[in-house]
Amino acid sequence: MEKILITGGAGYIGSHTAVALLEAGYQPIIIDDFSNSEKSALLGLKKITGQEIPCYEGDCNDADLMDRIFTENKLSGVIHFAAFKAVGESSMLPLKYYNNNISSLLVLLATMDKHNVENLVFSSSCTVYGQPDKLPVKESTPRKKAESPYGNTKKICEDILVDQVNSKVALSAIALRYFNPIGAHTSSEIGELPLGVPSNLVPFVTQTGVGIRKELTVFGDDYDTPDGTCVRDYIHVMDLAEAHVKAISHLKGKTAPFYDIFNVGTGNGNTVMDVIKAFEKVSGRPLNYKVGPRRPGDVVKVWADTSKINQELNWKARFNLEEALRDSWNWQLALSKK
Numbered sequence: 165m166e167k168i169l170i171t172g173g174a175g176y177i178g179s180h181t182a183v184a185l186l187e188a189g190y191q192p193i194i195i196d197d198f199s200n201s202e203k204s205a206l207l208g209l210k211k212i213t214g215q216e217i218p219c220y221e222g223d224c225n226d227a228d229l230m231d232r233i234f235t236e237n238k239l240s241g242v243i244h245f246a247a248f249k250a251v252g253e254s255s256m257l258p259l260k261y262y263n264n265n266i267s268s269l270l271v272l273l274a275t276m277d278k279h280n281v282e283n284l285v286f287s288s289s290c291t292v293y294g295q296p297d298k299l300p301v302k303e304s305t306p307r308k309k310a311e312s313p314y315g316n317t318k319k320i321c322e323d324i325l326v327d328q329v330n331s332k333v334a335l336s337a338i339a340l341r342y343f344n345p346i347g348a349h350t351s352s353e354i355g356e357l358p359l360g361v362p363s364n365l366v367p368f369v370t371q372t373g374v375g376i377r378k379e380l381t382v383f384g385d386d387y388d389t390p391d392g393t394c395v396r397d398y399i400h401v402m403d404l405a406e407a408h409v410k411a412i413s414h415l416k417g418k419t420a421p422f423y424d425i426f427n428v429g430t431g432n433g434n435t436v437m438d439v440i441k442a443f444e445k446v447s448g449r450p451l452n453y454k455v456g457p458r459r460p461g462d463v464v465k466v467w468a469d470t471s472k473i474n475q476e477l478n479w480k481a482r483f484n485l486e487e488a489l490r491d492s493w494n495w496q497l498a499l500s501k502k
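Add 164 to a position in the sequence shown, counting from 1, and you land on the number used in my numbering.
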């Protein structure tokens with residue numbers, strides 16, 4: 165089995181990608197410092213897959229540890245998730261984000277070059293587009309000034325990858341620009357596990373639904389959208405995980421140096437109220453919410469043009485909004501029983 169290193173592999177998207185890699189015949193190897201994840205994810209992975217996935221506990225900024233991982237494992241590729249990702253916190257602690265998110269990529273690229281590992285899938289974000297002038301967003305859509313230090317780290321990391329590839333080193337890289345991942349594995353053994361107050365909509369919805377949160381605040385209902393609330397492209401995390409497997413397989417057929425970008429979304433935009441109504445339908449209970457003022461920096465509406473990834477990687481989202489929210493809700497119910 166070809167070994168793929170997953171940095172941040174115990175996190176939300178990383179853990180689901182580990183499952184998808186195993187199902188596709190790869191052997192995932194995880195590194196995670198558990199600063200934004202829980203070790204319980206490893207137990208969930210074992211229950212789903214029937215095996216223990218090798219895991220190194222540590223920081224991707226630790227060059228000695230990274231060198232040891234590459235020395236002990238003959239890797240055929242890397243999927244790089246490890247990064248701080250809270251938009252609000254990044255505005256308060258920008259140096260924390262620049263130091264971690266950028267430095268970890270630099271250490272990784274240097275280690276890959278040293279050990280002759282060519283294939284890299286990088287976790288980027290639709291945040292690099294800002295509020296686009298035209299919708300849906302294509303990969304050719306110009307990137308705009310980042311709304312946050314977090315978003316800026318994604319832009320900078322993409323630029324680093326381009327520069328490294330242009331330097332003619334043996335690197336084949338794909339940046340996947342995610343839209344809004346939601347949902348959980350259908351087993352309810354792994355899912356999104358925010359530490360503290362959730363910064364994403366769906367965990368706040370499910371925590372409100374189960375009674376952990378008193379109410380959900382909808383930030384503004386007077387935008388230029390069908391019902392006045394913000395529009396996003398919500399993608400099931402297992403669809404997103406499978407896109408990473410497709411990307412790794414695609415890289416194996418390329419000759420380094422190589423670089424490409426793909427949007428990963430459903431191609432559909434849903435409002436915050438769409439999410440609330442879909443949640444109420446799948447959970448069978450009303451959601452306690454109120455409308456509050458607009459939140460500074462929020463993009464009004466964004467969704468993906470997915471034609472490129474559909475055609476070139478033969479990937480297409482399989483789950484709809486209700487199915488993703490059903491899995492998120494079942495995961496929340498499973499958590500409340502633990």
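Backbone N, C-alpha and C fix where the C-beta goes; we use that ideal spot for every residue, glycine too.
Neighbour-count burial assignment, residue i, 16 or more Cβ in a 10 Å radius
i: M165; result: exposed
i: Q475; result: exposed
i: T531; result: Because the chain here runs from 165 to 502, residue 531 falls outside it and cannot be looked at.
i: E236; result: exposed
i: L362; result: At residue 362 the sequence reads Pro, which differs from the Leu that was named. Classification for P362: buried.
i: Q215; result: exposed
i: R490; result: buried
i: M256; result: exposed
i: L357; result: buried
i: G252; result: exposed
i: G461; result: exposed
i: D403; result: buried
i: R458; result: exposed
i: K378; result: exposed
i: K249; result: buried
i: D438; result: buried
i: N283; result: buried
i: R391; result: The sequence given here places Asp at residue 391; Arg does not occur at that position. Looking at its Cβ environment, which holds fewer than 16 other Cβ atoms inside 10 Å, D391 is exposed.
i: N478; result: exposed
i: D197; result: buried
i: P192; result: buried
Delimiting residues of the beta strand (DSSP E) encompassing residue i
i: S287; result: 283–289
i: F422; result: 422–428
For residue i: DSSP bridge partner residues
i: G241; result: I168
i: P345; result: I399
i: C219; result: I194
i: S336; result: N283, F422
i: V301; result: A468
i: T435; result: V395
i: G355; result: A348
Residue span of the alpha helix (DSSP H) that contains residue i, given as start and end
i: T381; result: No alpha helix (DSSP H) contains T381, which is instead part of the beta strand (DSSP E) from 380–383.
i: V251; result: 251–256
i: Y176; result: 176–187
i: K454; result: That residue, K454, is in no alpha helix (DSSP H); its beta strand (DSSP E) goes 453–456.
i: C321; result: 313–330
i: T235; result: 227–236
i: G205; result: As written in the sequence, residue 205 is Ala, which differs from the Gly given in the question. Start and end: 204–213.
i: V369; result: 365–374
i: A498; result: 485–501
i: A274; result: 267–278
The ligand GDP heavy atom lying under 7 Å from the CB of residue i
i: N474; result: With respect to the ligand GDP, the structure offers nothing, as it holds no ligand at all.
If we count Cβ pairs, one from each stretch, closer than 8 Å, do we get three or more for the stretch 260–274 versus the stretch 295–309? no
Assess, as a yes-or-no matter, whether the stretch 241–257 is touched by the stretch 406–417 under the definition of 3 or more beta carbon pairs within less than 8 Å. yes
Inter-stretch contact at 8 Å, needing at least 3 Cβ pairs: the stretch 391–402 / the stretch 431–447: yes
If you pair each beta-carbon of the stretch 300–312 with each one of the stretch 446–457, do three or more pairs fall below 8 Å? no
Taking 8 Å as the threshold, find out whether the stretch 221–235 comes into contact with the stretch 205–212 through three or more Cβ pairs. no
May I ask you to verify whether the stretch 314–327 touches the stretch 464–484, counting CB pairs closer than 8 Å and requiring at least 3? no
Does the stretch 317–335 touch the stretch 491–499, meaning 3 or more C-beta pairs lie closer than 8 Å? no
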